[in-house]
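Asker:
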Amino acid sequence: MSRTLVAATRRVLGSRRRGDRAAASPPAGAGDAALVADLVEAIGSDRVRADTASRYLASRDASIYREGNAGPVCYPGSTSDVVACVQVAARHGRAVSPRGAGTGLAGGAAPLGQPVVLAMTRMDKLLGVDLDNGVAWVQPGMVNLDLSRALAPHGVHYAPDPSSQAACTIGGNVANNSGGPHCLAYGVTSAHVVAVEVVLSDGSVVTLGDLTAEPAGYDLRGAFVGSEGMCGIATAVAVRLTRNPPAVRTMLLCFDDVSDAAATVSAIIAAGIVPAAIEMMDQRCVTAVEDFAQAGYPKDAAAVLLVEVDGPAGGVAIASEKVAGIARRNQAISVRTAADEDERARLWKGRKSAFGAVANVMPDYYLHDTVVPRTRLVEVLERIYEIVDRYDLIVLNVFHAGDGNLHPILAYDSRVPGTDERVHAAGREIIEMSLDMGGALTGEHGIGVEKREHMNRMFSAVDLDQQSRLRASFDPHCRMNPGKVLPSAHSCSDIGALRAADAAGVWG
Amino acid sequence: MTDFDEALTVFAAEVGPDGPVCVRGGGTRWSLGGEAAPDTREVRAPAGIVAFEPAEMTVRVRAGTPVVALHEELAAAGQRTALPERAGGTVGGALMAGESSIARLGRGPVRDALLQARYVCADGRIASAGAGTVKNVSGFDLCRLLVGSLGTLGLVGEVLVRTFPVGKSERWVRLAGTDPGAVRSCHTAASVLWDGTDVWTLLSGYEVDVDEDLGRLGACEEVDGPPELPLHRWTCTPAEATAFDVRNGTAGRFVAEIGVGVVHASEPQPSRPVEPGVAELNRRFKERFDPTGRLNPGRDPLRRP
Amino acid sequence: MHLGLDDDELVACVSCGLCLPHCPTFVITGSDTESPRGRIALMRAVQNEGAPVTEDLIRSMETCVQCRGCETACPSAVPFGHLMEGTRAALADAGRITPRWQRLALRMLRHRRLLLAGSTLLALAIRLRLVPTKRLGLPARMPLRRPRLRTSGDDVWLFTGCVMDAWQRDVHLAVQRVLEAAGAGVEPTGGVAPCCGALHIHAGLESETKAMARQVMAGLSGDDRPILVDAAGCGASLKDYGHLLGTDEARAFSDRVYDVHEWLAERLDELQSRRPVAPLKLTVAVQDPCHLRHVQRAHHAVPAVLLPFVAEVVALDDDGLCCGAGGAYSVMEPELSRAIRERKTAAVVRSGASVVASANPGCSLHLAAAGLEVRHPLELVDQALSASRS
Ligand SMILES: Cc1cc2nc3c(=O)[nH]c(=O)nc-3n(C[C@H](O)[C@H](O)[C@H](O)COP(=O)(O)OP(=O)(O)OC[C@H]3O[C@@H](n4cnc5c(N)ncnc54)[C@H](O)[C@@H]3O)c2cc1C
Ligand code: SF4
Ligand code: SF4
């Protein structure tokens, strides 16, 4: 190793602490010196960080999971950088965990066992727009909203719009098969990913899917989407472009009673109308959001529905009339249509800042995103309020009502002793109730680490065995983002690749 | 986790734990991906609709049910699925073939239609993939993997499929002597077909919108349905389909699905090159899911045109 | 180490990440260590979990431009500015940031005569090409003589500040003419209120800032005239005295402070009524200084005031992302600062404008150093007014 490389490595390891503690403990990550040196040699010192602050922050995402423990953090700039990192990690017997913007809500990006973390944020370019084939090629670190903005001049957009779209990355969306309000009519991420370039755990690069109508072989693209970083690293994504609808109408329906709102949702679907989006918020949530977004939501309504209808103008007019009629028959106290683009944007901004705004109520939140049959929403919401009351907690409901995808947000203050336990117990009951209603564990946030142990409640051993075969076909040695999704009994046999987690975390 | 439908357990017993086996559906796409190896035992998947929930927009149906029969049932509630209707073709067959209907533009591809699958694995046990809801990301997406797998990874017995409302007005029209660009401005176009000379399009939606699109198209002739499709199905990119006549020397007569990339031609498609990495992954999948190679031997989705 | 941060403010962050795209440093490095969420998590680790204050943790704090773009983006209303000021104060007190030379330099800003003399020397040195202006981010040309500021009445104060008064007095004069055209008698504050202390609080010198705040307040007490500020950074600082000192008097003082555009936007009729004005034939891009947009939240006033006086006003498409100037930031973190600026210049180029209007002297200097044509919005207004006057 050249001397400059040694110096660069030292710089990357960082963390020579000044002051009293300096002598007491070695620089963090010192055990990784050889690994870090190889990474630096492979992709350059400005793309590798192994200091404690970087590792500490790369150990967490937007979930409440805090046991993650990152090894060196790399910021690849190209597919070949990713290949190089994966190869170096393999040589050192270390796992690799990809990371987008870290807005995941299930701990998917929380690395376990000090893997090499690949932060994809610097691969954020739009590679090309191919209007003839109706696709755009993008790098995985591109932010979802930036993509739609870049596409705007072409009169097209990228349809999946998670509420976190201002921050989350396309790579994260692909890995989590993310949804969003408009996925009700347009479908979730998987329906919008045409092909993915992937770096596999052995460092090979393959393109899954292609631009043809029906690629030959198994639908590996489909199998990869939603694999939460466990099947490989996405390094380029061909996304489908959706034509902007000629007409859009956004309505705010307000109700005195949560059940009336829920009944309206079921009735809309039952009437054979598929709006672009049906979102619901209860009073607590509206109050929390309104102060930030000034969207004009009435704070005195027990629940509001945000319904958007789009398509050719004639149908939009008919469908929105029908929706308004259904709402009135279900005792809506007001039906308001956004007058212009400004008002529409404000209404959506309110909806999309809902999770963040929870902090105006309590400093912490924990949420599940189970899905229930949309015909049973009334019943399910009543049960949720009942469970939460029983545990003496506060819940805010804001969710993709149209497809039955709940997001009950339990707001709490973890500084109050005993609260964490109550929150988890209530969360578990909500999950079990949802599954008993014929529901699913997660509709869009993924399993990550947080819901791993609930998988047994939804799937049999045979089912899980089949899922682990899918994973192992991509990554036979379980080197990609290990420890996620599958409950421990079904995780990789050589989970030994996970280094014994350092109890003291990265500061240790 | 649920107790399985009895028909499913019977089906699993029939498949059994060993010996080469495949499911015969309607036999409409029987030769896709190759011919069945000799000595392969043929079984039939159970048939019948288990539960149709119009307000949920889903239907639970046994794989052996003919698609046409299913759609007749759904039509009562003004709904249908994205599966293609072929005379005698079954739900399971349509899913395993993975070929979309000619109205994919409006109704979506088959691969987005499957919400839950109950299937018999290579070892004879029943597995369940996906969930009973319209949205789900719990674990890896086995449903997508199964669609188009030609029954080489598991034999499907029962599925939950997404349904959607049929357009209030559905009309096929033919535009003589034009190119597909003529239909571009029509937002209700659920299918655009082109044979190099004429364009057929299915307009589907609210009556006002369909009428408006008809007005936009100007001179066109209302027809009963799509033109007769040549025998062979090619798959290419949407751009290639639009420019098809330019290079159709070997294809013979053709009808291209514009905006999709499927072309129906009188000659078969020459085999497409497969990236070695993709071929290797396909092999690994087959090996992991069916270590002894007993499921539908002889068929290989890579060999599908 | 206890950073002395308010625990409720500190735990208000729910780690949602919605602030990330609004943080200029995260946008450049893509690393959580250079993000608001990351910085808050590190503050928490130090204050609540006893994590050691490592070099890299300090770097994370030092690289923050303190633009507060994260604050307006945050749905949880996390008061990031306070948290960062508090953290820097604790680190400066412990001698971990803000080295001696920087403290000395900042101290000079309070001494007006010294500053003016020093600036003249600097201007001379620049003329003689003794100073590498480009590398230091200094203007290519500075005034050797400064025109005198005079009092024209007692309707409003015009806060003149420190560096700006020394380097860009022309702007003050233009602003004053515009105010007079709107019918206001103006008294420049000059030596009465020498420096607002914005740079000091950013550097973590809290007690010094407080002393300066008291000095400014004392100089401008005795009446309740509005105090108009034509530098967004100073305006933000003066408006924050209420919070900084926590006294009723300081709060009352802060209530008297207006960004000059904010004040003029209410008086556009007066400004236009005197005589018809021909708009300048210019397409102007408005750069929103962070301290106007994210801190004072008064940025809408600038295009409103400009609109009648130029051919076209265009907004930049970068969501008001910081330009990287950040007071002393461009000097302390030249590399990041320049990288951030590149994004801004790209946005300006995309906008197709020929002139950039910036309501903050720090931003103008920084952007001008990149070769952009930058003017104070009211300089343009003044130009239009005087063209129609002659
Ligand atoms: C306020 C808020 C609102 C949200 N709203 C929604 C919503 O409406 N709908 C929804 O579905 N989700 C929502 N989410 C969850 C989250 O934003 C999404 O899951 C998002 O897709 C995560 O993207 P990310 O870039 O932050 O990924 P990260 O959180 O960084 O990572 C997520 C997963 O992706 C993997 N990954 C990242 N990049 C790659 C890559 N290049 N290759 C392979 N694997 C990779 C990671 O390993 C991890 O498993 C919300 C979150 C927040 C905080
Ligand atoms: S500062 Fe605000 S926006 Fe940023 S992560 Fe924290 S809560 Fe979210
Ligand atoms: S103040 Fe500006 S630079 Fe600092 S964290 Fe917030 S957005 Fe980033």
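Heads up: the protein sequence lines correspond to chains A, B and C, in order. Using numbering that gives the first Met the number 0, the letters of the first sequence map in sequence onto residues 0 to 507. Using numbering that gives the first Met the number 0, the letters of the second sequence map in sequence onto residues 0 to 304. Using numbering that gives the first Met the number 0, the letters of the third sequence map in sequence onto residues 0 to 389. Just so you know, even glycine gets a beta-carbon here, dropped at the ideal spot from N, CA and C.
(1) How would you write the range of the beta strand (DSSP E) that G204 of chain B sits in, first residue to last?
(2) Check distances from the C-beta atoms of the segment 360 to 394 of chain A to those of chain C and list, in chain order, the residues that come in under 8 Å.
(3) DSSP three-state label for K280 of chain C, please.
(4) Could one say the Cβ of R350 of chain A lies closer than 8 Å to chain C's Cβ atoms, at least one of them?
(5) Taking just the CA atoms, how far does R414 of chain A sit from F284 of chain B?
(6) In whole angstroms, what separates the C-alpha of F253 of chain B from that of G25 of chain B?
(7) Say whether chain C places a C-beta atom closer than 8 Å to the C-beta of G355 of chain A.
(8) Against chain A, with Cβ distances strictly below 8 Å, would A76 of chain C count as a contact?
(9) Mind pulling the chain A residues with CB within less than 8 Å of P300 of chain B?
(10) Determine the DSSP secondary structure at S127 of chain B, reduced to helix, strand or coil.
(11) So, at 8 Å on beta carbons, what are the nonlocal neighbours of L379 of chain C in its own chain, with the 5 sequence-adjacent residues on each side left out?
(12) Give the DSSP-derived three-state secondary structure of R298 of chain B in the structure shown.
(13) Hey, does A52 of chain A have any beta-carbon neighbour from chain C nearer than 8 Å?
(14) Between the Cα of C63 of chain C and those of C:D229, C:R147, C:S14 and C:M83, spot the shortest distance and give me the residue it belongs to.
(15) Buried or exposed: where does R20 of chain A fall if 16 or more other Cβ atoms within 10 Å of its Cβ makes it buried?
(16) G29 of chain C: beta carbon under 7 Å from a heavy atom of ligand 3?
(17) Our contact map puts C167 of chain A next to T102 of chain A with C-beta atoms below 8 Å; I'd like the distance itself, whole angstroms only.
(18) Is any beta-carbon of chain C found at less than 8 Å from that of A22 of chain A?
(19) Write down every uninterrupted run of the beta strand (DSSP E) in the segment 62 to 134 of chain B whose length is 3 residues or greater and which is fully enclosed by it, in chain order.
(20) So A231 of chain C and A358 of chain C are supposed to be a Cβ contact under 8 Å. How far apart are they, rounded?
(21) Which residues, taken in chain order from the segment 134 to 148 of chain A, show a beta carbon closer than 9 Å to some beta carbon of chain C?
(22) What residue from B:V90, B:M56, B:H186 and B:A6 has the CA that sits closest to R28 of chain B's CA?
(23) Taking the runs of the alpha helix (DSSP H) that are 4 residues or longer, which of them lie wholly in the segment 37 to 96 of chain C?
(24) For a cutoff of 8 Å on Cβ pairs, would you count P97 of chain A as touching chain C?
(25) If we call anything under 8 Å between Cβ atoms a contact, is V72 of chain A one with R93 of chain A?
(26) Take A425 of chain A and list the residues in its own chain whose beta-carbon comes closer than 7 Å to its own, dropping the five residues that flank it on each side.
(27) Mind listing the chain B neighbours of Q465 of chain A? Cutoff is C-beta to C-beta under 8 Å, in chain order.
(28) For F458 of chain A, which three-state DSSP category applies?
(29) Does L144 of chain B have its Cβ less than 8 Å from a Cβ in chain A?
(30) Ends of the alpha helix (DSSP H) at L243 of chain C?
(31) Decide if the segment 258 to 267 of chain A is in contact with the segment 325 to 332 of chain A; the criterion is three or more beta carbon pairs, one per stretch, under 8 Å apart.
(32) Got a sec? Which residues, its chain only, sit under 7 Å from D223 of chain C by beta carbon, not counting five neighbours each side?
(33) When you measure from the CB of E443 of chain A to every non-hydrogen atom of ligand 5, does any distance come out below 7 Å?
(34) Only counting the same chain, and skipping five residues up and downstream in sequence, which positions put a Cβ closer than 6 Å to that of R242 of chain A?
(35) When the Cα of L17 of chain C is compared with those of A:H153, A:M141 and A:S162, which residue comes out closest?
(36) Contact check, V185 of chain C vs D229 of chain C under 8 Å by CB: the rounded distance?
Answerer: Result, derived from the coordinates:
(1) V198 to G204
(2) P362, D363 and Y364
(3) strand
(4) no
(5) 48 Å
(6) 25 Å
(7) yes
(8) yes
(9) A215, G216 and Y217
(10) strand
(11) L279, L281, V283, L305, F308, V309, V354 and A356
(12) coil
(13) yes
(14) C:M83
(15) Low per-residue confidence applies at R20 of chain A: pLDDT is 36, beneath 50, and the placement is therefore not dependable enough to give any value.
(16) no
(17) 5 Å
(18) With a pLDDT of 33 at A22 of chain A, under the threshold of 50, the modelled position of that residue is not reliable, and the figure given next carries that caveat. Closer than 8 Å: no.
(19) 113 to 119 and 125 to 129
(20) 5 Å
(21) G140, V142, L144, D145 and R148
(22) B:V90
(23) 54 to 61, 68 to 72 and 79 to 92
(24) no
(25) no
(26) I386, V387, Y390, L392 and L409
(27) C120, A126, A128, L141, G153 and F288
(28) coil
(29) yes
(30) Y240 to L244
(31) yes
(32) R255
(33) As presented, the structure is devoid of ligand 5, carrying ligand 1, ligand 2 and ligand 3 as its sole ligands.
(34) V155
(35) A:S162
(36) In fact, because the Cβ distance is near 11 Å, the residues do not count as touching under 8 Å.
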